[in-house]
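Novice:
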Amino acid sequence: MAPADALYPICFVTNTISAQAQTFLRDRHVQPGVSWADKAAGRLAAAAFNTATGPSSAAAAAQFLQDIRNETMGGVPVTIGTPRGMKQQNADKMLIYVHGGAYVKGSCYHLWHVTAMAAQLAGVQVLCFEYRLAFDAPFPAALDDALAVYKDLISSNHYKAQNIVLIGDSAGGGLALALVLKAKQQQLPLPGALLLLSPWADLTQSGDTQTTLTAVDPILQYTLNLAQPALTYVNGNPALLLDPLVSPLKAAAEAFKGFPPTLIQIGLRDSLLSLATILHRKLTSVGVASVLSPWEGMWHVFQASLDVPEAQEAQRELAKFLVKHLELEV
1 MAPADALYPI CFVTNTISAQ AQTFLRDRHV QPGVSWADKA AGRLAAAAFN
51 TATGPSSAAA AAQFLQDIRN ETMGGVPVTI GTPRGMKQQN ADKMLIYVHG
101 GAYVKGSCYH LWHVTAMAAQ LAGVQVLCFE YRLAFDAPFP AALDDALAVY
151 KDLISSNHYK AQNIVLIGDS AGGGLALALV LKAKQQQLPL PGALLLLSPW
201 ADLTQSGDTQ TTLTAVDPIL QYTLNLAQPA LTYVNGNPAL LLDPLVSPLK
251 AAAEAFKGFP PTLIQIGLRD SLLSLATILH RKLTSVGVAS VLSPWEGMWH
301 VFQASLDVPE AQEAQRELAK FLVKHLELEV
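With full-length UniProt numbering as the guide, the letters of the sequence shown map in order to residues 1 to 330.
1. In angstroms with no decimal places, state the Cα-to-Cα distance between Ala311 and Ser305.
2. Tyr97 bridges to which residues according to DSSP?
3. Who are the near neighbours of Val330 in its chain, counting only those whose CB is closer than 7 Å to its CB and skipping five residues on each side?
4. Taking Ile278 as the reference, which of Gln228, Asp208, Asn235 has the closest Cα?
5. Excluding the 5 residues preceding and the 5 following Gly33 in the sequence, name in chain order all residues of the same chain whose CB lies nearer than 6 Å to its CB.
6. Consult DSSP for Ser35 and reduce its assignment to one of helix, strand or coil.
7. Check Ala251 in the structure and name its three-state DSSP category.
8. What do you get for Leu133, buried or exposed, if any count of 16 or more other CB atoms within 10 angstroms of its CB means buried?
9. Compare the Cα-Cα distances from Arg269 to each of Ala171, Ile219, Ala230, Arg281 and report the closest residue.
10. What's the call for Asn237, buried or exposed, on a 16-neighbour Cβ count within 10 Å?
11. In the DSSP output, what is Leu226 paired with across the bridge?
12. Pairing CB atoms from the segment 76-84 with CB atoms from the segment 124-131, are three or more of them under 8 Å?
13. Measuring straight from C-alpha to C-alpha, what distance separates Phe139 and Ser170?
14. Among Gly297, Leu190, His325, which one has its Cα closest to the Cα of Ile17?
15. Does His158 pass the burial test, meaning 16 or more other C-beta atoms within 10 Å, or should it be called exposed?
16. Do the CB positions of Lys93 and Leu328 come within less than 8 Å of each other?
17. Taking Val98 and Gln303 to be in contact with their CB atoms under 8 Å, please state how far apart those CB atoms are, rounded to whole angstroms.
18. Label Gly258 either buried or exposed according to how many other C-beta atoms from any shown protein chain fall within 10 Å of its C-beta, with 16 as the threshold for buried.
19. Ala46 to Gln66, Cα distance in whole Å?
20. Taking the alpha carbon of Gly106 as the reference point, which residue from Pro189, Val286, Ser35, Ala48 has its own alpha carbon closest?
21. Given that a residue counts as buried once 16 or more other Cβ atoms are within 10 Å of its Cβ, and exposed if not, what is Ser156?
22. Suppose contacts are defined by Cβ-Cβ distances below 8 Å. Is Thr204 in contact with Ser271 by that definition?
23. Which word fits Val165, buried or exposed, when buried means at least 16 other C-beta atoms lie within 10 angstroms of its C-beta?
24. Does Glu317 pass the burial test, meaning 16 or more other C-beta atoms within 10 Å, or should it be called exposed?
25. With DSSP as the reference, label Gln120 as helix, strand or coil.
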């Protein structure tokens, strides 16, 4: 069997990671995606994803958040979680979560397990916005929604840009990067920091590890579950995949000059490892304070698996970065 055709990880389970992480690797394998060009099938798949992630999200919200409220900002639905024990001095600070899901699935209401722990540890409220998904509204709809929320936050809602941090996982990481690129183009003030968890920063099959870690990454394989969402995001136009606002890594290094301090967390079994490495080197080449944080034996967006000790440690690392760059009281 050729590696590109393999569904099961063709690798050993290392003993250098926690017992919980070893169990995850033994039990998990890549799932082929649906045809996202079929809107009806896409909606069903997106709903199934929400059903699968819902219990973990609800448990995290109950443990780490004292309340959740729904609002609209810039015409976009948002939900804001206030962490338990947040100090009033931090009320003018905001963590914006740009959720993942390959641009075709995911919802703020079903992904609290990605950000709620870090937000509670740092003592900062977290906002997630419901950007339009690609099978209904392809590029640039998601980016337009992100920009509308960001502009609203730094204007009518009176949050200073330096008091805002963006956090994005997977496609959300790519969208967060595109948002900062777009804000820079429009000469808007940039956020105070950027947190990227396994960012999908290039929607083409580029980078060494999108090939070499095929069948080693238990979550992703480009041809099985990324290629179709990528094309769906650009409405079937492959030329658009080269647009830096779609694939931020296609931007010249100079485009990243002036970016805020950035933390990039990536697992060493994540097929997007190369993209994280290339991004880090581009950022540092133009003087951005970028930290690349690699994690032994970890998979794509492992930080969401809160029963795994490495995920808890990664959440603590995110919180420390937040406290430092937002000057939070804890």
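Glycine included, every Cβ here is placed at the ideal spot set by N, Cα and C.
Specialist: Walking through what the data contain:
1. 6 Å
2. Cys128, Ile167
3. Result list for Val330: Ala122, Gly123, Val323, in chain order.
4. With distances taken between Cα atoms, Ile278 lies closest to Asp208.
5. Excluding five sequence positions before and after Gly33, the CB atoms of its chain that fall closer than 6 Å to its own CB belong to Asn225, Gln228, given in chain order.
6. coil
7. coil
8. buried
9. Ile219
10. exposed
11. Per DSSP, none; premise fails for Leu226.
12. yes
13. 16 Å
14. Gly297
15. exposed
16. yes
17. At roughly 14 Å, the Cβ-Cβ gap does not stay under 8 Å, so Val98 and Gln303 are not in contact.
18. exposed
19. The straight-line gap separating the alpha-carbon atoms of Ala46 and Gln66 is approximately 28 Å.
20. Ala48
21. exposed
22. no
23. Burial check for Val165: the Cβ neighbour count within 10 Å reaches 16 or more, so the residue is buried.
24. buried
25. helix
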